[in-house]
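*Asks:*
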Amino acid sequence: DQQVKQNSPSLSVQEGRISILNCDYTNSMFDYFLWYKKYPAEGPTFLISISSIKDKNEDGRFTVFLNKSAKHLSLHIVPSQPGDSAVYFCAATSSGGTSYGKLTFGQGTILTVHP
Amino acid sequence: NAGVTQTPKFRVLKTGQSMTLLCAQDMNHEYMYWYRQDPGMGLRLIHYSVGEGTTAKGEVPDGYNVSRLKKQNFLLGLESAAPSQTSVYFCASRWRTREAVYEQYFGPGTRLTVT
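First to last, the protein sequences are chains A and B.
Throughout the first sequence, residue numbering follows the working numbering, covering 1 to 115 in sequence.
Throughout the second sequence, residue numbering follows the working numbering, covering 1 to 115 in sequence.
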């Protein structure tokens, strides 16, 4: 039972264009969402997050949008740069007391930005 | 600060052998987690700890044991390795008390092959 799904295994975009990575979730208890970026042979690094009380959070070139009714979130990267080429993981958690911040991850999307 | 470190970086085991993976963090984090990453599966939680001397099972705990004798260290043990445990293992940690901050900090990973 995959509670967090990233249905696109890969995405290829041209440098300077927008990259849109999508994520869907099924568990209604999830109320906090994170995006992680992972380069080969390295651990995931935190990129941006959003609480369910918001529908948008922006940090520089990165914006995350949350549609609670559709249980869908997306990460927009504008403009895309070759250094953004990596695997992007969507993750979700519940702020409930017994959750202890455990993250449920999607399968990941490989983003390739071509010069 | 070294952040989260993992030892070893690579290991090859024969079926039935045992080993311990060490995770250390110098950020005084209360919570620590062990994940495994497999192709097409994202990261899945094996075990986690909410404080020194306490551990709990995650999504895929079978075949693994953990211990947290010191706050800064979280050990993952394989008592009798199986080929199905071939994976990349990541350790992560985070603060307990930071309000509405669920970001976890990850180590660089341990690549384990069981033949």
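A virtual CB, placed ideally from N, CA and C, is assigned to each residue, including glycine.
None of these values were measured; they are calculated from a predicted model.
Which parts of the segment 21-86 of chain B are runs of the alpha helix (DSSP H), unbroken and 4 residues or longer, counting only runs that do not cross its ends?
*Replies:* Listed in chain order, nothing qualifies, since the segment 21-86 of chain B has no complete alpha helix (DSSP H) run of 4 or more residues.
*Asks:* With distance defined between alpha-carbon atoms, name the residue in A:Asn7, A:Ser8, A:Leu103, A:Pro44 nearest to Asp31 (chain A).
*Replies:* The option with the nearest alpha carbon to Asp31 (chain A) is A:Leu103.
*Asks:* Which residues in chain B sit within 7 Å of Gly106 (chain A), going by Cβ to Cβ distance?
*Replies:* By Cβ distance, chain B contributes Gly42.
*Asks:* Measuring alpha carbon to alpha carbon, tell me which residue in B:Leu22, B:Met41, B:Thr7 is nearest Gln3 (chain A).
*Replies:* With distances taken between Cα atoms, Gln3 (chain A) lies closest to B:Met41.
*Asks:* By how many angstroms is the C-alpha of Thr26 (chain A) removed from the C-alpha of Val88 (chain B)?
*Replies:* The straight-line gap from Cα to Cα measures roughly 26 Å.
*Asks:* Identify whether Asp84 (chain A) lies in helix, strand or coil by the three-state DSSP scheme.
*Replies:* The answer is helix: DSSP assigns Asp84 (chain A) an H, G or I state.
*Asks:* Would you mind working out which of A:Phe62, A:Gln107, A:Ala41, A:Ser52 sits nearest Gln81 (chain A), comparing C-alpha positions?
*Replies:* Closest option to Gln81 (chain A), Cα to Cα, is A:Phe62.
*Asks:* Per DSSP, Glu42 (chain A) is paired with what?
*Replies:* For Glu42 (chain A), which the question treats as bridged, DSSP gives no partner whatsoever.
*Asks:* Determine the chain A residues that contact Pro108 (chain B) at a beta-carbon separation under 7 Å, and present them in chain order.
*Replies:* The contacting residues are Glu42, Gly43.
*Asks:* Of all Cβ atoms in chain A, is any one closer than 7 Å to the Cβ of Leu76 (chain B)?
*Replies:* Chain A, which has no Cβ nearer than 7 Å to the Cβ of Leu76 (chain B), makes this no.
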